[in-house]
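In the numbering used here, the protein residues as written are 195 to 530.
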């Protein structure tokens with residue numbers, strides 16, 4: 195249990211730091227609409243702020259309300275998400291929007307019990323929505339907060355472990371101030387994102403450096419600890435890009451990290467002889483493996499030569515479709 199005096203001292207210093215150094219110009223800060231906060235929180239999972247901003251603006255411009263998102267097709271939602279990665283986030287956004295539209299008449303739930311039941315909303319996202327939008331006393335524990343608390347309290351156990359995460363949740367909840375919960379939530383997130391950074395933290399400017407255990411023991415370079423995940427072997431595949439009358443064939447992928455996205459067929463469905471007009475090799479890197487792929491552009495004169503369950507699209511439609519970013523980039527280059 196953290197002494198009440200120590201808790202208040204920590205939160206007060208974080209709030210005071212935020213007054214002078216916090217971020218106030220992020221697009222999702224302009225309106226504390228829970229729908230907009232939810233979209234931003236999901237996009238910010240495992241993605242940097244600088245990357246998220248243009249995607250967020252474009253996404254919100256198209257899907258201005260929960261109703262807009264619920265009524266859209268999955269293909270359109272995936273198209274607007276293309277390039278952000280971790281595509282299960284987009285699928286869960288769409289599922290949740292539909293549930294809220296039907297079960298809550300497009301009104302965002304304001305209770306933890308209802309929020310936590312929705313696809314893609316975990317404990318931290320629910321806490322962010324409740325604290326930012328409803329000023330309720332709920333903690334968050336994103337990557338930034340984990341890093342701040344691990345260093346300040348000198349936690350030298352892997353943050354991947356369930357017991358460590360439980361310990362960090364206990365600390366995060368104990369440190370919550372009685373007032374300004376929405377400001378404190380943003381403050382500790384900004385503190386981790388801009389000052390207590392993963393590499394080269396600015397300890398000399400830190401308002402709590404006198405009591406930070408990692409700073410005292412020169413451990414900021416090693417805390418937080420994280421168990422290394424096993425690196426998977428390189429994978430390989432092939433993409434057959436069939437063109438007929440200036441249209442290309444795409445199939446809906448139903449497995450792996452690109453589940454729900456459009457892709458060119460990954461095997462050759464032509465039994466007749468054919469001419470390869472363009473071919474090459476590329477690769478893309480995921481968090482745990484590298485995918486190497488060959489591509490072949492094949493022009494045909496009769497779509498009936500291909501017995502495959504897919505759809506034909508004009509080249510100009512590619513930029514709006516839900517394709518993985520590296521494949522979309524390849525296709526756009528080929529169209530030119």
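Every residue gets a Cβ at the ideal spot worked out from N, C-alpha and C, and that includes glycine.
Which stretch, first to last residue, makes up the alpha helix (DSSP H) that contains residue 508?
No alpha helix (DSSP H) contains residue 508, which is instead part of the beta strand (DSSP E) from 505–508.
Nearest-angstrom Cβ-Cβ length linking residue 340 and residue 362, presumed shorter than 8 Å
6 Å
Specify, as a first and last residue, the run of the beta strand (DSSP E) that residue 474 falls within.
470–479
How long is the line joining the alpha carbons of residue 471 and residue 376, rounded to whole angstroms?
58 Å
Assuming residue 484 is part of the beta strand (DSSP E), what are its boundary residues?
484–493
Among 458, 302 and 289, which one has its Cα closest to the Cα of residue 265?
289
So within the segment 405–470, which uninterrupted alpha helix (DSSP H) runs reach at least 4 residues, ignoring any that extend past its ends?
407–410
Since I believe residue 216 is in contact with residue 381 (beta carbons under 8 Å), could you give me their beta-carbon distance rounded to a whole number of angstroms?
6 Å
Pick from 437, 477 and 461: whose alpha carbon is nearest that of residue 428?
477
For residue 534 and residue 281, which I take to be in contact (beta-carbon distance under 8 Å), what is that distance rounded to the nearest angstrom?
Only positions 195 to 530 of the chain appear in this structure, which leaves residue 534 out of reach.
With a CB to CB cut of under 6 Å and the five nearest residues on each side skipped, what residues in its chain are close to residue 430?
486
Could you check the C-alpha separation between residue 451 and residue 519 for me, to the nearest Å?
12 Å
Would you kindly report the start and end of the unbroken alpha helix (DSSP H) that includes residue 235?
228–237
Just to confirm the assignment, what range does the alpha helix (DSSP H) spanning residue 539 have?
Any answer about residue 539 is impossible in this case: the structure gives the chain only from 195 up to 530.
Could you check how far apart the C-beta atoms of residue 491 and residue 435 are, in whole angstroms? I think they sit under 8 Å.
5 Å
What do you get for residue 250, buried or exposed, if any count of 16 or more other CB atoms within 10 angstroms of its CB means buried?
buried
Should the segment 342–352 be regarded as contacting the segment 305–320, the criterion being three or more beta carbon pairs within less than 8 Å?
no
Cβ of residue 268 within 8 Å of any chain D Cβ:
The structure shown contains no chain D; it holds only a single protein chain.
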